[in-house]
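Numbering (full-length UniProt numbering), first residue to last: 1 to 234.
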Amino acid sequence: MTDPDTSTATLMLRQMLGNGLDAERSLVDRIVEDVALQIIDGRLPPGADVNSVELAKRYSSSRTPVREALLTLQREGLVDIPARKRPRVAPVTLVQAREVYEVRASLHGLVSELIVRRQPPLDVLYEWHGKLAQDAASGDVDGYFWDNVAFRQAEAEVAGNAQLARTLSSLGLRTLQLRHVSLSLPGRLERSVDDHDRLLQAYADRDAELAVAITKSIIMGGLRAIEQSGWVGE
Numbered sequence: 001m002t003d004p005d006t007s008t009a010t011l012m013l014r015q016m017l018g019n020g021l022d023a024e025r026s027l028v029d030r031i032v033e034d035v036a037l038q039i040i041d042g043r044l045p046p047g048a049d050v051n052s053v054e055l056a057k058r059y060s061s062s063r064t065p066v067r068e069a070l071l072t073l074q075r076e077g078l079v080d081i082p083a084r085k086r087p088r089v090a091p092v093t094l095v096q097a098r099e100v101y102e103v104r105a106s107l108h109g110l111v112s113e114l115i116v117r118r119q120p121p122l123d124v125l126y127e128w129h130g131k132l133a134q135d136a137a138s139g140d141v142d143g144y145f146w147d148n149v150a151f152r153q154a155e156a157e158v159a160g161n162a163q164l165a166r167t168l169s170s171l172g173l174r175t176l177q178l179r180h181v182s183l184s185l186p187g188r189l190e191r192s193v194d195d196h197d198r199l200l201q202a203y204a205d206r207d208a209e210l211a212v213a214i215t216k217s218i219i220m221g222g223l224r225a226i227e228q229s230g231w232v233g234e
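Right, dumping it as structure tokens:
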């Protein structure tokens, strides 16, 4: 398993949260990133308590930065803060999962269409795909997941539409939580590598219709895996 403190994981989270890549992280940023990683990778499952007292002890801080961090996580949809109750990891319903994946499929389909239309260099996508193949071969689910997140972000940047890239990023951390669940299921890594290989071939062949179809199939296949897993509630 890749160390999240030194891997793609923290870099991707900082970008999505707008924390910057080079700036010194504040204590609030550190708490947000650390708790978010635990929720995304399943160490803190839906419904689990998020103990603010324990967090304050862990980070040798007062309750104030912990409270600020939890409010940020609440805005991202990862944490619920009920009145007069302990904060908890927000539950996920099947309806929410379906809505997220329908939006993702449409937006990423547009990314694929733009890539074929504009015909940019694909070197960066082949580079990330090589990392995905290595992760799958070693059974590194967390490494594969974060490299897959990076692949999709690279796709959005290669497509050349900044507004589309921002819109995809704004879908938030809840999307990452669902995607991690999907890729953690048996057999998903190998299938995903093969699907991405076919997608890159469609890009190389300048076949927009096929590229869009493969992209949507990859994403909706992730939803079907989640539905069959029973991980989310109705």
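Ideal placement from N, C-alpha and C gives every residue a C-beta, glycine not left out.
- Per the coordinates, the alpha-carbon of Lys85 lies some 38 Å from the alpha-carbon of Leu164.
- The C-beta of Arg75 has fewer than 16 other C-beta atoms within 10 Å across all chains shown, which makes the residue exposed.
- Taking the C-beta atoms as reference points, Ala159 is found nearer than 7 Å to Ile115.
- Under a 10 Å Cβ-count criterion, Tyr126 is classified as exposed, with fewer than 16 other Cβ atoms of the shown protein chains found around its own Cβ.
- Cβ atoms of Leu183 and Ser192 come within 8 Å of each other, at about 7 Å.
- Here the segment 35-50 lies against the segment 87-96, with 3 or more beta-carbon pairs under 8 Å apart.
- Between the C-alpha atoms of Ala154 and Val124 there is a straight-line separation of about 7 Å.
- Nearest in C-alpha terms to Pro120, of all of Asp49, His180, Glu157, Arg152, is Glu157.
- Taken atom to atom, the span from the alpha-carbon of Leu70 to that of Leu17 is near 13 Å.
- For Met12 and Ala83, the gap between their C-alpha atoms comes out near 32 Å.
- By the neighbour-count criterion, in which a residue is buried when 16 or more other Cβ atoms sit within 10 angstroms of its Cβ, Glu33 is buried.
- Non-local C-beta neighbours of Lys216 in its own chain, meaning closer than 6 Å and more than five positions away in sequence, comprise Ala105, Gly109, ordered along the chain.
- In summary, Gly230 is exposed, with fewer than 16 beta-carbon neighbours lying within 10 Å of its beta-carbon over all protein chains present.
- Taking C-beta separations shorter than 8 Å and ignoring five residues to either side along the sequence, the partners of Ala204 in its chain run Leu122, following chain order.
- Here the alpha carbon of Gly130 sits roughly 11 Å from the alpha carbon of Asn148.
- About 6 Å separates the CB atoms of Val35 and Leu73; that is less than 8 Å, so the two are in contact.
- Listed as beta-bridge partners of Arg88 by DSSP are Asp49, Asp80.
- The Cβ-Cβ distance between Val28 and Val50 does not fall below 7 Å.
- In terms of CA proximity to Leu176, Gly77 leads the group Leu94, Ser61, Gly77.
- The beta carbons of Leu189 and Tyr144 sit closer together than 7 Å.
- Around Leu200, the same chain offers Leu122, Leu125, Tyr126, His129 as residues with beta carbons nearer than 8 Å, after the five sequence neighbours per side are excluded.
- Residue burial is scored here from C-beta neighbours: Asp194 has fewer than 16 other C-beta atoms within 10 angstroms and is therefore classed as exposed.
- With a contact defined as Cβ atoms closer than 8 Å, Arg63 and Ser52 qualify at about 6 Å.
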